[in-house]
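Residue numbers (the working numbering), protein chains in the order written: chain B, 1 to 465; chain Y, 466 to 930.
All C-beta atoms, glycine included, are put in the ideal place defined by N, C-alpha and C.
Protein chains: 2
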Amino acid sequence: MAATAPSAPTAPRITAVDTYDIRFPTSRELDGSDAMNPDPDYSAAYVVLRTDAGDGHEGHGFTFTIGRGNDVQVAAIDALRSQVLGRPADELCADPGTLSRDLTGDSQLRWLGPEKGVMHMAIGAVVNAVWDLAAKRAAKPLWQLLAEAEPEWLVSQVDFRYIADALTRDEALGLLVRGRQGAAERTALLREHGYPAYTTSPGWLGYGDEKLTRLARQAVADGFTQIKLKVGADLADDLRRIRVARAAVGDTIRIAIDANQRWNVDEAIEWTRALAPFDPYWIEEPTSPDDVLGHARIRAAVAPVRVATGEHVHNRIVFKQLLQAGAIDVLQIDAARVGGVNENLAILLLAAKFGIPVCPHAGGVGLCELVQHLSMFDYIALTGTTENRVIEYVDHLHQHFLTPVAVRDGRYTAPVAPGFSAAMRPESIAEFRYPDGTYWAAELEPRTQEPRTEEPRTKQKGAAA
Amino acid sequence: MAATAPSAPTAPRITAVDTYDIRFPTSRELDGSDAMNPDPDYSAAYVVLRTDAGDGHEGHGFTFTIGRGNDVQVAAIDALRSQVLGRPADELCADPGTLSRDLTGDSQLRWLGPEKGVMHMAIGAVVNAVWDLAAKRAAKPLWQLLAEAEPEWLVSQVDFRYIADALTRDEALGLLVRGRQGAAERTALLREHGYPAYTTSPGWLGYGDEKLTRLARQAVADGFTQIKLKVGADLADDLRRIRVARAAVGDTIRIAIDANQRWNVDEAIEWTRALAPFDPYWIEEPTSPDDVLGHARIRAAVAPVRVATGEHVHNRIVFKQLLQAGAIDVLQIDAARVGGVNENLAILLLAAKFGIPVCPHAGGVGLCELVQHLSMFDYIALTGTTENRVIEYVDHLHQHFLTPVAVRDGRYTAPVAPGFSAAMRPESIAEFRYPDGTYWAAELEPRTQEPRTEEPRTKQKGAAA
Chain B
1 MAATAPSAPT APRITAVDTY DIRFPTSREL DGSDAMNPDP DYSAAYVVLR
51 TDAGDGHEGH GFTFTIGRGN DVQVAAIDAL RSQVLGRPAD ELCADPGTLS
101 RDLTGDSQLR WLGPEKGVMH MAIGAVVNAV WDLAAKRAAK PLWQLLAEAE
151 PEWLVSQVDF RYIADALTRD EALGLLVRGR QGAAERTALL REHGYPAYTT
201 SPGWLGYGDE KLTRLARQAV ADGFTQIKLK VGADLADDLR RIRVARAAVG
251 DTIRIAIDAN QRWNVDEAIE WTRALAPFDP YWIEEPTSPD DVLGHARIRA
301 AVAPVRVATG EHVHNRIVFK QLLQAGAIDV LQIDAARVGG VNENLAILLL
351 AAKFGIPVCP HAGGVGLCEL VQHLSMFDYI ALTGTTENRV IEYVDHLHQH
401 FLTPVAVRDG RYTAPVAPGF SAAMRPESIA EFRYPDGTYW AAELEPRTQE
451 PRTEEPRTKQ KGAAA
Chain Y
466 MAATAPSAPT APRITAVDTY DIRFPTSREL DGSDAMNPDP DYSAAYVVLR
516 TDAGDGHEGH GFTFTIGRGN DVQVAAIDAL RSQVLGRPAD ELCADPGTLS
566 RDLTGDSQLR WLGPEKGVMH MAIGAVVNAV WDLAAKRAAK PLWQLLAEAE
616 PEWLVSQVDF RYIADALTRD EALGLLVRGR QGAAERTALL REHGYPAYTT
666 SPGWLGYGDE KLTRLARQAV ADGFTQIKLK VGADLADDLR RIRVARAAVG
716 DTIRIAIDAN QRWNVDEAIE WTRALAPFDP YWIEEPTSPD DVLGHARIRA
766 AVAPVRVATG EHVHNRIVFK QLLQAGAIDV LQIDAARVGG VNENLAILLL
816 AAKFGIPVCP HAGGVGLCEL VQHLSMFDYI ALTGTTENRV IEYVDHLHQH
866 FLTPVAVRDG RYTAPVAPGF SAAMRPESIA EFRYPDGTYW AAELEPRTQE
916 PRTEEPRTKQ KGAAA
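Written out as structure tokens, the structure reads:
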């Protein structure tokens, strides 16, 4: 499985694939609560690639999880170690696609998916770490590396297996060649104005009406033109909350609603129609992310409310079908759910071919940091537009990253630091590594003797600001 | 998450959830080789539930894998342990559906799927182990326990979330009530004649023409009316091999072909059409198991060759769509890919509603042992027929099971031993536990000093008979 292209024996190689189980105790504050996820502890199965190049560069990547099972995700990344160790760093960074194909095509690991779930997300973490390393070595933020890349090379990074019936290599190449026109102007615009964002911070299901109103107004004051509400647990509550939100933000601000897969197809249709008088901009994850045909039925039934999904769509093959079936109005990529940058390139190309806007899922741990690069590439070098495109923004856990996102006036500022913005602060890793980081060691120790306290603790507030 | 129904403090409970990483060195003989899986080491992430009932009964279950990553699968089962330990055994066995829903609905673990990949297969292993325990405690083979169960209770074991648009609870109940008519007669017929099988043993891609001819003729002599060939690596080879196989078995024996997901949609159509003159009965896994719309296109294009898939279809939601889209002629459940017996009940009910025959995937490690119970239930108490229905049979690794399948005259004999036929022999576990079983300890030790031998060893032959 090792790359076979020749490389000098002394060329730098990958010398370590180190993994970390990082967990933040977010469940204490109901940040991130929704109809399906009442008490998440936002976590990351985190991986660091090290080389013997002596240049100080490392590749960082991770899978986002919400707590239990983060150790399984770490074990899955560990299972990839032997296929990454020893690869020449120059070749790996010049062609992450080969590693991507080797890992997704590994005949034995493939059985555990194929291309879905724990094993596929592990591949995504490792592949994203390679892109982080490649961008650091190129001294460019990843969006810039991608936006300046030759179309031929970009196409070589895409696996067309199982999507060639919807998008051929030549069509993809054509989209990228066309996308370059005006790229320099758009790069300048991006650096000056950033990329539009929307915020989910006001709308978590665990928040009361007063907090919802206050945060929704704050969002508008902060320059956001779209907010999002979690819905799906109780229709009467949802009707009240969307009324409260609409009253807080007025008629010109878009309110997206998000059911987090709570409904069956028919429920989704009824519930969305009931909320339609408050003009929701899109209904997100109305049902199972696997249900292409269900989304198509929902979309036909709830128009003009748009249908959005993608954060749990497990690979390019399902996205292909959502597009082929006319099942979605908004495609929501996630930077760490699929097989990494390479598969997301395929998905961005599919969306461009079908003319469907991409509005990435973010939040979690570091997902905003990652996905901004993909949208910025899409704007500069593929679709050339930000019209009806917004990146999700949630204002928590950014303080744990070395180069956190900067959102100003409702827009993501273009990153300037080389890399994929994936690196966590060493002191955060030392504190929140599970179960032996300083936070968890202190937290888990007394719990065996005394009942769990009801009071949120200062430390937790700090963790989930 | 623990069951909340009252239970006497002294009632028996689950006291252990023990896991084992079992690997058989099948890659040495090319048993199981196909276009996507050239060198599988057939493996099982194996789980044993123990109670303090003092009746000696244990619940056994497993996920089948093909080698690397089996440890990840074991870690996933381990992640479920805390939700199973301490549950009252009586309640658990009287209602496995509650555990099934608790595990698939666990908000944090759900993020790792949802309902797909490593985490979902782990749930399937645990849920199947509960059914094994339940059937042993009821002193019935599982097929009989299911076939004698009340329709109302069976329906209570099914999760209709995300499938209610295709199959309501009332429709399912109606199918089961109708299915009971004549069940006693069919039970007698099953006990006397068994259930039809087909064999894949002749058709592995790694076998030469002489071995293919010999094994294909043997299959006919053994009473099989259908064999299967692996295809998809090289069209010229496939044309030669299907010609050889057709010459060996004559015109009346069905030859299924299996591409193991090797092709894109258009390739699948071209390749299948090229093989069509040799009258293949079905083309199995022509493309990605995720591609509902792709299978629909292939089916329309290759008729009268039937389209079959399912062994890698990850849950009932994808099966629902394959049926809704008219994408398949043959539905291939797998006993250990989805969330266990409960989800397979849902899938059998969906297939019955849509009138599509179920021909299970089997082979691997213990998959024949498990899935026979589901087909026999389907025959006796749901569809009432074996017409155009066959269970896959592969003749290897059965000697490792305490109650191995018995296939005579091309038919599975109805199991009589209580349980789900899932229990592996203790001496096989002791030998093939990885990496510390006696086989692997001896195998892995010298490999660090000397190069790997080319000769198959006596021990390996025994393992993969």
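* To do: Ignoring anything shorter than 4 residues or poking outside the segment 219-262 of chain B, list the alpha helix (DSSP H) runs there in chain order.
  => If we require 4 residues or more, the alpha helix (DSSP H) runs fully inside the segment 219-262 of chain B come out as 235-249.
* Interface residues of chain Y facing residue 162 (chain B) [CB-CB closer than 7 Å] -> In the first sequence, counting from the first residue as 1, residue 162 (chain B) sits at position 162. Contact annotation for residue 162 (chain B) against chain Y: 729, 752, 753, 756 [CB-CB distance below 7 Å, chain order].
* Quick one: does residue 69 (chain B) have its CB under 8 Å from some CB of chain Y? -> Position 69 of the first sequence, counted from the first residue, corresponds to residue 69 (chain B). Taking Cβ atoms only, chain Y reaches closer than 8 Å to residue 69 (chain B), which makes this a yes.
* Asked: Around the Cβ of residue 336 (chain B), are there at least 16 other Cβ atoms within 10 angstroms (buried) or fewer (exposed)?
  -> Within the first sequence, residue 336 (chain B) is the residue found at index 336, counting from 1. Classification for residue 336 (chain B): buried.
* To do: Pick out whichever of Y:639, Y:874, Y:804, Y:585 has its Cα sitting closest to the Cα of residue 848 (chain Y).
  => The count along the second sequence starts at 1 and reaches residue 848 (chain Y) at position 383. It is Y:639.
* In DSSP terms, what residue 65 (chain B) is bridged to -> Taking the first residue of the first sequence as position 1, residue 65 (chain B) is located at position 65. Per DSSP, B:43.
* To do: Pick out the complete alpha helix (DSSP H) segments inside the segment 520-590 of chain Y, 4 residues or longer, and give them in chain order.
  => As far as the segment 520-590 of chain Y is concerned, its whole alpha helix (DSSP H) runs of at least 4 residues are 535-543, 546-549, 554-559, 561-570, 572-575.
* Contacting residues, own chain, Cβ-Cβ under 7 Å from residue 681 (chain Y) (five flanking each side not counted) -> Numbered from its first residue, the second sequence carries residue 681 (chain Y) at position 216. Sequence-distant Cβ neighbours of residue 681 (chain Y) in its own chain, meaning closer than 7 Å and more than five residues away, are 667, 692, 710, 713, 714.
* Asked: If you count every other CB in all the chains shown that lies within 10 Å of the CB of residue 181 (chain B), and 16 or more means buried, which is it?
  -> Here the question's residue 181 (chain B) lines up with position 181 in the first sequence. Residue 181 (chain B) comes out exposed.
* Evaluate contact between the segment 89-96 of chain B and the segment 315-327 of chain B, counting only Cβ atoms and requiring at least three cross-stretch pairs below 8 Å. => The segment 89-96 of chain B vs the segment 315-327 of chain B: no contact.
* In chain order, each alpha helix (DSSP H) run of at least 4 residues that lies wholly inside the segment 387-437 of chain B -> Entirely contained in the segment 387-437 of chain B, the alpha helix (DSSP H) runs reaching 4 residues are, in chain order, 426-432.
* Count the other CB atoms, across all protein chains shown, that sit within 10 Å of the CB of residue 408 (chain B); report buried if there are 16 or more and exposed otherwise. => Working through the first sequence from its first residue, we reach residue 408 (chain B) at position 408. Burial call: exposed.
* List the residues of chain B whose Cβ lies closer than 9 Å to the Cβ of residue 780 (chain Y), in chain order. => The sequence position of residue 780 (chain Y) within the second sequence is 315, counting from 1. Going along chain B in sequence order, the residues near residue 780 (chain Y) (Cβ under 9 Å) are 288, 290.
* Which residues in chain Y sit within 9 Å of residue 470 (chain B), going by Cβ to Cβ distance? -> Residue 470 (chain B) is absent from the structure shown; chain B starts at 1 and stops at 465.
* To do: State the Cα-Cα distance for the pair residue 857 (chain Y) and residue 344 (chain B), rounded to the nearest angstrom.
  => What you label residue 857 (chain Y) is simply residue 392 of the second sequence in a count that begins at 1. What you label residue 344 (chain B) is simply residue 344 of the first sequence in a count that begins at 1. Roughly 37 Å between the two C-alpha positions.
* 8 Å Cβ cutoff, residue 665 (chain Y) in contact with chain B -> Numbered from 1 along the second sequence, position 200 holds the residue referred to as residue 665 (chain Y). Judged by the 8 Å Cβ criterion, residue 665 (chain Y) is not in contact with chain B.
* Asked: Is the beta carbon of residue 829 (chain Y) less than 8 Å from the beta carbon of residue 529 (chain Y)?
  -> As a first step, residue 829 (chain Y) is located in the second sequence; it is residue number 364 there, counting from the start. As a first step, residue 529 (chain Y) is located in the second sequence; it is residue number 64 there, counting from the start. In this structure, residue 529 (chain Y) lies closer than 8 Å to residue 829 (chain Y) by Cβ.
* To do: For residue 208 (chain B), count neighbouring Cβ atoms within 10 angstroms of its own Cβ and tell me buried if that reaches 16, exposed if not.
  => By 1-based counting over the first sequence, the position of residue 208 (chain B) is 208. So residue 208 (chain B) ends up on the exposed side.
* To do: Can you tell me which of the three DSSP states residue 333 (chain B) falls into?
  => Within the first sequence, numbered from 1, the residue matching residue 333 (chain B) stands at position 333. Residue 333 (chain B) falls in the coil class under three-state DSSP.
* Examine the ligand ADP and report whether any of its heavy atoms sits within less than 7 Å of the Cβ of residue 26 (chain B). => The ligand ADP is not among the ligands present in this structure, which contains no ligands whatsoever.
* Validate contact between the segment 421-440 of chain B and the segment 257-269 of chain B using beta carbons, cut 8 Å, 3 pairs -> Too few Cβ pairs lie closer than 8 Å, so no.
* Asked: For residue 18 (chain B), does the three-state DSSP call read helix, strand or coil?
  -> Here residue 18 (chain B) is taken as the residue at index 18 of the first sequence, counted from 1. Correct three-state label for residue 18 (chain B): strand.
* residue 79 (chain B): contacting residues in chain Y (beta-carbon distance under 8 Å) -> Numbered from its first residue, the first sequence carries residue 79 (chain B) at position 79. Against chain Y, a Cβ distance below 8 Å from residue 79 (chain B) picks out 533, 534, 536, 537.
* Name the two residues that bound the continuous beta strand (DSSP E) containing residue 652 (chain Y). => As a first step, residue 652 (chain Y) must be located in the second sequence, where it is residue number 187. Residue 652 (chain Y) -> not in any beta strand (DSSP E); alpha helix (DSSP H) instead, spanning 648-658.
* To do: Take residue 750 (chain Y) as the anchor and find which of Y:778, Y:743, Y:735 has the nearest alpha-carbon.
  => For the purposes of this step, residue 750 (chain Y) is identified with residue 285 of the second sequence, where counting begins at 1. The shortest Cα separation from residue 750 (chain Y) among Y:778, Y:743, Y:735 belongs to Y:778.
* To do: Can you tell me which of B:379, B:410, B:367 puts its alpha carbon nearest to the alpha carbon of residue 45 (chain B)?
  => Residue 45 (chain B) sits at position 45 when you count from the first residue of the first sequence. Its Cα nearest to that of residue 45 (chain B), the residue B:367 stands out among B:379, B:410, B:367.
* Sufficient close CB pairs (3 or more, under 8 Å) joining the segment 113-131 of chain B to the segment 65-79 of chain B -> In this structure the segment 113-131 of chain B lies against the segment 65-79 of chain B, because at least three pairs of beta carbons, one per stretch, are closer than 8 Å.
* Asked: Any idea which residues DSSP pairs residue 644 (chain Y) with across the strands?
  -> In the second sequence, the residue the question calls residue 644 (chain Y) occupies position 179. Beta-bridge annotation (DSSP): residue 644 (chain Y) is not paired with any residue.
* Using the beta-carbon count (16 or more within 10 Å), is residue 411 (chain Y) buried or exposed? -> Because chain Y here runs from 466 to 930, residue 411 (chain Y) falls outside it and cannot be looked at.
* What does residue 964 (chain Y) touch in chain B if you count any residue whose Cβ is under 9 Å from its own? -> No answer is possible for residue 964 (chain Y): the residues shown for chain Y start at 466 and end at 930.
* **Three-state secondary structure assigned by DSSP to residue 823 (chain Y)** => As a first step, residue 823 (chain Y) must be located in the second sequence, where it is residue number 358. If DSSP states are grouped into helix, strand and coil, residue 823 (chain Y) belongs with the strands.
* Less than 8 Å between the CB atoms is what I'm expecting for residue 813 (chain Y) and residue 632 (chain Y), so what's the real figure, rounded? => Counting from one through the second sequence, the residue named residue 813 (chain Y) turns up at place 348. Counting from one through the second sequence, the residue named residue 632 (chain Y) turns up at place 167. Taking the Cβ atoms as the reference, residue 813 (chain Y) lies roughly 11 Å from residue 632 (chain Y), outside the contact range of under 8 Å.
* When you compare only the Cα positions, how much space is there between residue 214 (chain B) and residue 224 (chain B)? -> For this step, residue 214 (chain B) is matched to residue 214 along the first sequence. For this step, residue 224 (chain B) is matched to residue 224 along the first sequence. For the pair residue 214 (chain B) and residue 224 (chain B), the Cα-to-Cα distance works out to about 14 Å.
* **Nonlocal neighbours in the same chain, by C-beta distance under 8 Å from residue 581 (chain Y), ignoring five residues either side** => Taking the first residue of the second sequence as position 1, residue 581 (chain Y) is located at position 116. Taking C-beta separations shorter than 8 Å and ignoring five residues to either side along the sequence, the partners of residue 581 (chain Y) in its chain run 779, 780, following chain order.
* Shortest alpha-carbon distance to residue 126 (chain B) belongs to which of B:17, B:158, B:204? -> Along the first sequence, read from residue 1 onward, the residue named residue 126 (chain B) stands at position 126. For the residues B:17, B:158, B:204, the minimum Cα distance to residue 126 (chain B) belongs to B:17.
* To do: Would you mind stating whether residue 506 (chain Y) and residue 531 (chain Y) have Cβ atoms separated by less than 8 Å?
  => Residue 506 (chain Y) sits at position 41 when you count from the first residue of the second sequence. Residue 531 (chain Y) sits at position 66 when you count from the first residue of the second sequence. In terms of Cβ geometry, residue 506 (chain Y) and residue 531 (chain Y) form a close pair [threshold 8 Å].
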